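Structure, as structure tokens:
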Amino acid sequence: MSQTVVLAPSNIAAGQGLSVNDQVAPDSLTQMLQGIISEFPSSIPDPHSESQRPDARVNEIILERLHKWGHSADNIPYKKALDTGVFIATAAYHHTPPEVQAEIALYTYIVTIIDDNRVDATALQQYVPRLCTGSTQLHPVLGWLADVCNKLGEHYPVFGSYTAFSGSVDFISSELHMRDGKTNLPENLRQLSIPHLKYLREQTGISRAFGAFIWPKVEFPEAIEYIQALPDTSELIYSLNDVLSYYKERKEGETSILILGLATASSITELEEIRELVNRLHSLFANIREVLGTGKARDAWECFLVGYFRFHLADPRYRLAEILPDLRD
Numbered sequence: 001m002s003q004t005v006v007l008a009p010s011n012i013a014a015g016q017g018l019s020v021n022d023q024v025a026p027d028s029l030t031q032m033l034q035g036i037i038s039e040f041p042s043s044i045p046d047p048h049s050e051s052q053r054p055d056a057r058v059n060e061i062i063l064e065r066l067h068k069w070g071h072s073a074d075n076i077p078y079k080k081a082l083d084t085g086v087f088i089a090t091a092a093y094h095h096t097p098p099e100v101q102a103e104i105a106l107y108t109y110i111v112t113i114i115d116d117n118r119v120d121a122t123a124l125q126q127y128v129p130r131l132c133t134g135s136t137q138l139h140p141v142l143g144w145l146a147d148v149c150n151k152l153g154e155h156y157p158v159f160g161s162y163t164a165f166s167g168s169v170d171f172i173s174s175e176l177h178m179r180d181g182k183t184n185l186p187e188n189l190r191q192l193s194i195p196h197l198k199y200l201r202e203q204t205g206i207s208r209a210f211g212a213f214i215w216p217k218v219e220f221p222e223a224i225e226y227i228q229a230l231p232d233t234s235e236l237i238y239s240l241n242d243v244l245s246y247y248k249e250r251k252e253g254e255t256s257i258l259i260l261g262l263a264t265a266s267s268i269t270e271l272e273e274i275r276e277l278v279n280r281l282h283s284l285f286a287n288i289r290e291v292l293g294t295g296k297a298r299d300a301w302e303c304f305l306v307g308y309f310r311f312h313l314a315d316p317r318y319r320l321a322e323i324l325p326d327l328r329d
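FYI, full-length UniProt numbering numbers position 32 of the sequence shown as 32, with every residue one higher than the one before it.
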């Protein structure tokens, strides 16, 4: 699996014998991305700007937890994964308190480590049984995950914190499924596999959890304020991630399981599937805004959306500067 960060997506080789340049089609992709950008406010803040820099308290909390887990600031395991966690937490969840951003950063850090195959399958298989019996986890990272899921209960209503916990369990389950490599269906069943592909993508991306993180209980003590928007928000998160990752992945000879799978099932090209996803994204934008109406729940969602997009734009790993140079400057 290659690291596409944040939403812990699992990727598979394209395996189509197609030219990368043919699939990327930069002009067409740029036009579609420009259409998505039209959904955002006219001014998108740069996460590297003074007003968008992480609160010092975020790093303090993270270092305190790492110390609790037996690591110092000079000895941080999987440092690149932590950098990713901090970046997405402080960019996309800038509207939340520093304590919340720190927990989101740690949660992202941990699932990214797992997504990078740093935790063996035996340890993953024993995560839930050992959690239920209170036994020590077979890999320290899984102990960290249990600690973070417990801590999230301080910052989210029961629905939000349980969504994060169940999301981590679903992610581990789907991760084990993906590692088995048994994801292909017979050709006559491919069209029927579309719901399964979307389900698997949501599980591998933990997008319900990352959606619930938008609304901490200090501002939103009752989940009823946003719960009806969560299904569409979840789909928007993993779909937008795949669209924004597409250029980078195809240039590197990869593509997401969702895009490749849906294109194969529908007997269309990957670029045509991207166009379908972009059209679906516009519908999701409209649906979520209608459900949330006006007020602070909608404002929090808009803040997340801008930060999430800006994260992908600012991170050189996604290579979006190559096709959207004006926005990178």
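Even glycine gets a Cβ: it sits at the ideal position worked out from N, Cα and C.
Bear in mind the structure is a predicted one, so any value in this text is a computation, not a measurement.
Remark: C-beta atoms of I172 and V141 do not approach each other more closely than 8 Å. Annotated as distal: W215 and E202, with beta-carbon spacing of 8 Å or more. Distance from L230 to R208 at the Cβ level is roughly 7 Å; contact confirmed, criterion being Cβ atoms closer than 8 Å. It is roughly 35 Å from the alpha-carbon of S234 to the alpha-carbon of N75. One Cα belongs to Y156, the other to S267, and the distance between them is close to 42 Å. By the Cβ criterion, the region 162-176 is in contact with the region 111-118, since at least three pairs of Cβ atoms, one from each stretch, lie closer than 8 Å. Minimum Cα-Cα distance from I61 among the listed residues A102, P316, T133, L82 corresponds to A102. N241 counts as buried, since at least 16 other C-beta atoms from the protein chains shown sit within 10 angstroms of its C-beta. Counting along the chain, no alpha helix (DSSP H) covers T96, and no H or E run does either. The alpha carbon of Q228 has as its nearest neighbour, out of D55, H95, L284, the alpha carbon of L284. The beta carbon of L106 sits closer than 7 Å to those of I62, R65, G85, V148, all from its chain and outside the five residues before and after it, given in chain order. Assignment of E60 by DSSP, reduced to helix, strand and coil, places it in the helix class. Judged by beta-carbon spacing, R289 lies beyond the 8 Å limit of S239, meaning their Cβ atoms are not closer than that value.
Scanning its chain for C-beta atoms nearer than 8 Å, with the 5 sequence neighbours on each side dropped, one finds around L197 the residues I257, L258, G261, L262, A265, in chain order. Between the C-alpha atoms of F220 and C132 there is a straight-line separation of about 30 Å. Scanning A92, H177, F159, V158 for the CA closest to the CA of L124 turns up H177. By the Cβ neighbour-count rule, A286 is exposed, with fewer than 16 other Cβ atoms within 10 Å of its own. In the DSSP assignment, E154 falls outside any alpha helix (DSSP H), carrying neither H nor E.
Around the beta carbon of Y308, a 10 Å sphere encloses 16 or more other beta carbons of the protein chains shown; the residue is thus reported as buried.
Under the 10 Å beta carbon count, K68 is surrounded by fewer than 16 other beta carbons and is classified as exposed.
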